[in-house]
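To start, the structure under review is shown below, and the notes come after it.
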Amino acid sequence: MPKSNATKAATVLLIALGSVVLLTGLFMLVGGSYLVTLGGSWYFALAGAGLTIASVLLIRRSLFGAILYLGVFLLSIVWALWEVGLSFWPLFSRLIALAVIALFVLLLMPRLRRGGRSVSTALGYGGAVVVAVGLVATFYAALQPQPIQTADGAPAPVPGKAVGTVEPATDWRYFGHTPSGTRHALLDKITPQNVSGLKVAWTYRTGEIPEGRQGHVVTPLHVNGVLYGCTQSSQLFALDADTGKPIWHHDPQTQANNIYPRCRGVGYYDSTLNATSPAVASATAAACTRRIIATTVDARLIAVDAQTGQACTDFGEGGSVSLRIGMGSADKELYFPTAAPTVVRNLVVVGGLGWDNQKTGEPSGVVRAFDARTGALIWAWDLGNPAITGEPPEGQTYTAGTPNVWSTPAFDDALGLIYLPTGNATPDFWGGHRTEADDRYSSSIVALDIATGRERWRFQTVHHDIWDYDVPSQPALYDVPDAKGGTLPALIQTTKRGQIFMLDRRTGTPIAQVREQPVPQGGVADDRISPTQPYSVGMPSIGNEPLSEKRMWGLTPLDQLFCRIEFRRSRYEGEFTPPSERLTIQYPSWLGGMNWGSVSIAENLGYMIVNDTRVATRSRMIPRAAYDEKVLAGGGHEGNAPQAGTPWGIEQ
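Letter 76 of the sequence shown, counting from 1, is numbered 1060 in our numbering, and no numbers are missing.
This is the structure in structure tokens:
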């Protein structure tokens, strides 16, 4: 290329590079200055000023522009190491974009004026090689799987004792494998040595593609070589477990549910195992001896023959029981179950989901037990009116708006107890209207007598919950080792907060220490805040380390700066920062921590395996009139919610 053309090309490239540096510098200078006024880091303002000056010098082809840029880059490395140490991804966020620009600055350095060409050429090209190698190494490291991290000095695991068994061992007859919900299976065909060689054996397509709020989230049951499951519209299916070929399909003809349609699982009932006498077993032998019991998106409880998929006509009316009975007529569509029904003895225990944050007085959170053979109501637990133990008296309903049980219970047949994880009284983020009973049972584990449905004990994980920290996961029942060489009958409960509570499942008394600790106060008018909350200090907590400005993350310094500004603009005082009219950060959020997937316990090892979500949410409370005037769209878990009947809507 002729010298004049090379010079023109270099000029164009320097102008382009200088413009990129200028825009970056101005963004960091202006945004960083605003961050300083919010009490944040000075780095971005100072670095932005340096980059802005460097950009002007680069455009003017001054060598001092390159030197200044590289100086800012080197100081940025020092700052990043000071702020986050050697943590890979935080360093990547702070430095990778600046390093890419530094590469081009070094490559163009020989084209800059002032200084000996040999010096600038050697420095430029030599430095470019170093930066390029660093970038390649960084991107290579980013794509490598990370090794498993193990705790240093961790004590050797001591196995406890499983609670109950299931026969045969290859079956998976309950949502959590067994009534104890530990999800532990004694199988030996898949091992660490052969798992990498697994291949798809078969694929089954339900014929339904989830849309909108629909979700295909079923955990199938496996019984006697057959898989049983359901779809988001409550279609039931049975498959040959070895081949995936359909055995039967049952369409319960549900009415459309556009609110939150999903089915997490079904129940299995074998009357020969639960028969109280040979006569009962004989009477049920003709049809529906073994049945699949499921809830539907239009709030029914249905039973079908496990062999044929035909409706069990002796169950309710033609194989169906309405769950709307006793719920009242207003807003009945806001109630429907999503969890698998719990089959215990000859009973089917069902709670239900109330669609979050719509209004006060939504359908009741009542929990009911039905006869697995006839569908008759055996007992009801209405926490707002314990005197109602069956259907409400004529003209009455179960108590509206009470905490519900939308997740999956566990049960201990030997103790005769079923353990309910409860949600909140509606709506979630304002509780000035809540009753004493609402506050007593929200976000708790409640043990009921299986036979009668009467309360035996309760334990609360959050007091006056206005954060949607309902207990989302099935409790895990496991006998843990004690200090005397024996075991204690434990209930282990994970929470959205990342707290793990371990209780004596006979009494609800903590086995692992629980301590009441002070929490932030304030919030909106006409509500109350509990001064303390329970912390399970005797167990590990997962994913609830306090947020800080330096924990904000973005792919480049620019979006990290934006995140830092948003963090500083928001109200955040740690866990349990109350909802307020100011944009407020909730972390852990109502997404979790640990959510409805629950835990697994390797019973033979004494390990508990958890998976958790680490997502913060931001929201602000909007006065009733202002919210209604805006006519904000959304509701439930996603976006805005009216919370009608309260002084406040919520904007998320």
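Backbone N, C-alpha and C fix where the C-beta goes; we use that ideal spot for every residue, glycine too. No experiment lies behind these values; they were computed from the predicted model shown.
Item: Contact defined as beta carbons within less than 8 angstroms: I believe residue 1411 pairs with residue 1625. What is the distance between those atoms, to the nearest angstrom?; Value: 7 angstroms
Item: Just mark residue 1299 as buried or exposed, buried being the case when its beta carbon has 16 or more other beta carbons within 10 Å.; Value: buried
Item: Assess, as a yes-or-no matter, whether the region 1599 to 1616 is touched by the region 1481 to 1492 under the definition of 3 or more beta carbon pairs within less than 8 angstroms.; Value: no
Item: Please say whether residue 1156 and residue 1119 have beta carbons closer to each other than 9 angstroms?; Value: no
Item: Is the distance from the Cβ of residue 1567 to the Cβ of residue 1532 below 9 angstroms?; Value: no
Item: What do you get for residue 1398, buried or exposed, if any count of 16 or more other CB atoms within 10 angstroms of its CB means buried?; Value: exposed
Item: Tell me which residue opens and which closes the beta strand (DSSP E) that residue 1547 is part of.; Value: It is not in any beta strand (DSSP E) - residue 1547 instead sits in the alpha helix (DSSP H) that spans 1541 to 1553.
Item: Of all the options 1405, 1008, 1304, which has the alpha carbon lying nearest to the alpha carbon of residue 1357?; Value: 1304
Item: Taking residue 1343 as the reference, give the member of 1394, 1329, 1418 with the closest Cα.; Value: 1418
Item: Please go through the same chain and pick out, in chain order, the residues whose beta-carbon is closer than 6 angstroms to the beta-carbon of residue 1059, but skip the five residues on each side of it.; Value: none
Item: Give the DSSP bridge partners of residue 1352, in chain order.; Value: 1334, 1364
Item: Just mark residue 1499 as buried or exposed, buried being the case when its beta carbon has 16 or more other beta carbons within 10 Å.; Value: exposed
Item: Please classify residue 1534: does DSSP put it in a helix, a strand, or coil?; Value: helix
Item: For residue 1262 and residue 1291, what's the separation of their Cα atoms in angstroms?; Value: Low confidence applies here, because residue 1262 scores a pLDDT of 47, under 50, leaving its location unreliable and the question unanswered by this model.
Item: Along the alpha helix (DSSP H) that carries residue 1244, what are the first and last residues, could you check?; Value: Premise fails: residue 1244 is in no alpha helix (DSSP H) and is neither H nor E.
Item: Quick check: what's the CA-CA separation for residue 1369 versus residue 1459?; Value: 25 angstroms
Item: For the region 1589 to 1601 against the region 1460 to 1478, are there 3 or more C-beta pairs whose distance is under 8 angstroms?; Value: yes
Item: Taking its Cβ as the centre, do 16 or more other Cβ atoms sit within 10 Å of residue 1248, making it buried, or is it exposed?; Value: buried
Item: CA-CA distance, residue 1028 and residue 1078?; Value: 11 angstroms
Item: Let me know the secondary structure DSSP gives residue 1085 once reduced to three states.; Value: helix
Item: With H, G and I counted as helix, E and B as strand and the rest as coil, what does DSSP make of residue 998?; Value: helix
Item: I'd like to confirm the pairing. Which residues does DSSP put opposite residue 1121 in its beta bridges?; Value: Paired residues: none, contrary to the question.
Item: Using only alpha-carbon positions, find the residue among 1235, 1387, 1124 that is nearest to residue 1345.; Value: 1387
Item: Bridge partners for residue 1461 per DSSP, in chain order?; Value: 1475
Item: What is the DSSP secondary structure of residue 1521, counted as helix, strand or coil?; Value: coil
Item: I'd like the span of the beta strand (DSSP E) that includes residue 1036, first residue to last.; Value: Here residue 1036 belongs to no beta strand (DSSP E); instead the alpha helix (DSSP H) covers 1027 to 1043.
Item: Return yes when at least one heavy atom of the ligand PLP lies under 8 angstroms from the C-beta of residue 1127, else no.; Value: In terms of ligand content, the structure shown is empty, and the ligand PLP therefore cannot be addressed.
Item: Taking 9 angstroms as the threshold (beta carbon to beta carbon), is residue 1317 in contact with chain C?; Value: Of the protein chains in this structure there is only one, and it is not chain C.
Item: Measure the CB-CB distance between residue 1364 and residue 1293 and report whether it falls below 9 angstroms.; Value: no
Item: Does DSSP put residue 1612 in a helix, in a strand, or in coil?; Value: helix
Item: Which word fits residue 1633, buried or exposed, when buried means at least 16 other C-beta atoms lie within 10 angstroms of its C-beta?; Value: buried
Item: Could you name the residues of the same chain whose beta carbon sits closer than 7 angstroms to that of residue 1338, not counting the 5 residues immediately before and after it, in chain order?; Value: 1318, 1319, 1346, 1347, 1349, 1388, 1410
Item: So what does DSSP say about residue 1500, is it helix, strand or coil?; Value: strand
Item: Who are the Cβ neighbours of residue 1309 in its own chain at under 7 angstroms, not counting the five residues just before and after it?; Value: 1375
Item: Based on DSSP bridge pairs, tell me the residues matched to residue 1405.; Value: 1429
Item: How many angstroms separate the CA atom of residue 1550 from the CA atom of residue 1008?; Value: 19 angstroms
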